[in-house]
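Going by my numbering, the first residue of the sequence shown is number 735, and it counts up by one from there. Report on one structure; see the data block that follows.
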Amino acid sequence: MDFNVKRLACGAGLFFTRAVQFTEEKLGQAEKTELDAHFENLMSRADCTKNWTEKIYRQTEVLLQPNPIDHTGARIEEFLYEKLDRKAPSRITNGELLGQYMQDAAREFGPGTPYGRTLTTVGECEGRLGAAERDFLLTSTISFLTPLRNFLEGDWKTISKERRLLENLRLDLDACKTRLKKAKLAEAKAACDGEMAPDFQETRPRNYVLSASASALWSEEVAKAEHELRVAQTEFDRQAEVTRLLLEGISSTHVNHLRCLHEFVEAQAAFYKQCHLHMQELQKELGRLPNAFTLNPSQSVAAAGPAAEGLGSPVEKDTLQIEEVQAPATGTRKAKVLYDYDAADSSELSLLADELITVYTVPGMDSDWLVGERGNQKGKVPVTYLELLS
């Protein structure tokens, strides 16, 4: 119990000494040991690295998980599984959930209907997009977010701890310097009073004895302060070297984060490329499916009469033959192809990105398509793949 009380009293006294030294420095009443310029630059660089790493980490989390509610719930779930030393289950993405809803709706509406078949096709594509997103989230978390979090929760905490210890030792060192300065001033004053004191033959020789005793006490105090200063200086120098080595390690941290950033960009590029390919395949599949909304009113009216008489389907009767279409005298335009397009059948025209073709419309054609000509080749082309030029 006595030992604990002594430790508590010693700690309280040390804290009070540091507080006094810190206050006097702020008030300009005490000197402060300044670190060299290189050390200050290292600390400034470390602070800058920590601040921007934290901002990049938080914003990357928002990018990968935009919904803040889901993001908070996901972090809590990961925290609980981490404390239980278990692997968190893979969460379904929004794209996969949307695809699942579409396929469920297609079964309700009828998979044989145009709307049902389209819902099934789009739902499958959304599921593939969601799966690609899940892989991207996993790769980004492992290759980019985890190293940044490890720096913030590991290396930076160690650096902060050593810097706080260095600051405390710096306060102790400056307190020792202040104590030594005051002891030397008191010793000089006592010595000066001793020189001016009367001799023993005078009526009050006792004053001289007291002055000599005070001078000896202050000399002892100066020696003690000098010893404490040497010890404090040694501890401060040792801690400064440890902290300097940790701060110089920020350079290797930058190299590691640079490598992680390249991996993140590669994962993001692969994800967007995969999404683009999935969307291109979806557009092609949708182009092959029959679209009930593309039939014009005259075709809808004709569907009731001939069908009742046992004639063929009006869609088959009125199918547009691209080979028979003639370019109008006016109304043709030049168009620049934005993306490569592979023709789904003989009625379509394959396209190459950045090439120029002639396009025009014909009556009864779906508004999502135009007739395109390139030399002797002719066929339907999707409007979304073109940039019409004036």
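Beta carbons are placed, not taken as given, at the ideal position from N, Cα and C, and that holds for glycine. A quick note: this is a predicted structure, and the numbers were derived from the prediction, not measured.
Measure from the alpha carbon of R851 to the alpha carbon of each residue in E975, S874, L1016, E830, then state which is nearest. Of E975, S874, L1016, E830, the residue nearest in Cα terms is L1016.
Which of helix, strand or coil DSSP assigns to V1071: Note: V1071 maps to strand in three-state DSSP.
If contacts are defined as beta-carbon pairs under 8 Å, then K1070 and L1120 qualify, I think. What distance do you get, rounded to the angstrom? Between the beta-carbon of K1070 and that of L1120 there is about 7 Å, and that keeps the pair under the 8 Å contact cut.
Quick one: residues in its chain with C-beta nearer than 8 Å to the C-beta of A1087, no 5 flanking neighbours on either side, listed in chain order? Taken in chain order, the residues that qualify are V1071, L1072, Y1073, D1074.
Integer-rounded CB distance, given that F878 should sit under 8 Å from T794: Yes, they are in contact, since the Cβ atoms of T794 and F878 sit about 7 Å apart, within 8 Å.
Do you know how far the Cα of R898 is from the Cα of K766? Distance between K766 and R898, taken at the CA atoms: about 16 Å.
Just tell me which of A865, G846, V796, T855 has its CA closest to the CA of N828. Between N828 and the set A865, G846, V796, T855, the nearest pair of CA atoms involves A865.
Decide if the region 903-910 is in contact with the region 989-1001; the criterion is three or more beta carbon pairs, one per stretch, under 8 Å apart. The region 989-1001 and the region 903-910 do not touch, with fewer than three beta-carbon pairs separated by less than 8 Å.
Under 8 Å, with one C-beta from each stretch per pair, do the region 972-991 and the region 883-898 reach the 3-pair mark? Between the region 972-991 and the region 883-898, the count of Cβ pairs shorter than 8 Å is three or higher; the stretches touch.
My output table needs one value for V856: the three-state DSSP class, helix, strand or coil. Three-state result, V856: helix.
Per DSSP, the bridge partner or partners of E1121: BP columns for E1121 point to K1070.
Below 8 Å, can you find three or more Cβ-Cβ pairs linking the region 830-843 to the region 854-871? Per the Cβ contact rule, the region 830-843 is in contact with the region 854-871 (3 or more Cβ pairs under 8 Å).
Determine the direct distance from the alpha carbon of D770 to that of E975, and round the result to whole angstroms. In a straight line, the C-alpha of E975 is about 12 Å away from that of D770.
Taking the DSSP output, what are the residues bridged to W890? Residue pairing by DSSP places W890 in no beta bridge whatsoever.
Mind listing, in chain order, the continuous alpha helix (DSSP H) runs of no fewer than 4 residues lying wholly within the region 825-887? The qualifying runs are 828-843, 848-874, 880-884.
Strand pairing of P1116, partner residues [DSSP]: In the DSSP assignment, P1116 is bridged to W1103.
CB of A917 within 8 Å of CB of V956, strictly: It is a contact, given that the beta carbons lie within the stated cut-off.
Have a look at the DSSP bridge pairing and note the partners of L1085. The partner list for L1085 (beta bridge, DSSP) reads Y1075.
Below 8 Å on the Cβ atoms is my contact criterion, and I expect T1092 with G1106 to pass it. Report the Cβ-Cβ distance as a whole number of Å. 7 Å between Cβ atoms; contact.
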